[in-house]
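In my numbering, the protein residues as written are 8 to 114.
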């Protein structure tokens, strides 16, 4: 949330936030798949997807350190840089919209 980033900058709180940026709220995808019989319409996808936003740039505009990661191998050094910065930082990790965590199973 942008308000929390701005607060961390204002109060110089060296929090590091890692964002799973897949341009969606795809944790809701399974529910929408069930609601639409497994075949979502384009209109249904609009309920849980959005335009890709460079959140690292947004963080920088607010005054935090913003680092964008587009390749898995770039994540470890980006995280190290964010931690070492001593300032509020956002590590904006671009991920695949289709990569969904396995469903929890209860018995």
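Even glycine gets a Cβ: it sits at the ideal position worked out from N, Cα and C.
What you are looking at is a predicted structure, and each value in this text was computed from that prediction instead of being measured.
Simplified DSSP assignment, three categories, for residue 99 | strand
What does a CB cutoff of less than 7 Å around residue 100 pick up in its chain, not counting 5 residues either side in sequence?
-> 25, 26, 27, 28, 76, 82
Please list, in chain order, all residues of the same chain as residue 9 whose beta carbon is under 8 Å from its beta carbon, the five residues on each side excluded.
-> 65, 69
Using only alpha-carbon positions, find the residue among 35, 111, 62, 72 that is nearest to residue 90.
-> 72
Buried versus exposed, by CB contacts within 10 Å (16 or more), residue 30 | exposed
Cross-strand partners of residue 31 (DSSP beta bridge) | 56
Nonlocal neighbours in the same chain, by C-beta distance under 7 Å from residue 47, ignoring five residues either side = 39, 40
Using a Cβ-Cβ cut-off of 7 Å (strictly less than) and excluding sequence neighbours within five positions of residue 32, which residues of its own chain qualify?
-> 55
How many angstroms separate the CA atom of residue 13 from the CA atom of residue 67?
-> 10 Å
How far does the beta strand (DSSP E) with residue 74 in it reach, from first residue to last?
-> 72–76
Go ahead and pull the three-state DSSP assignment for residue 48.
-> coil
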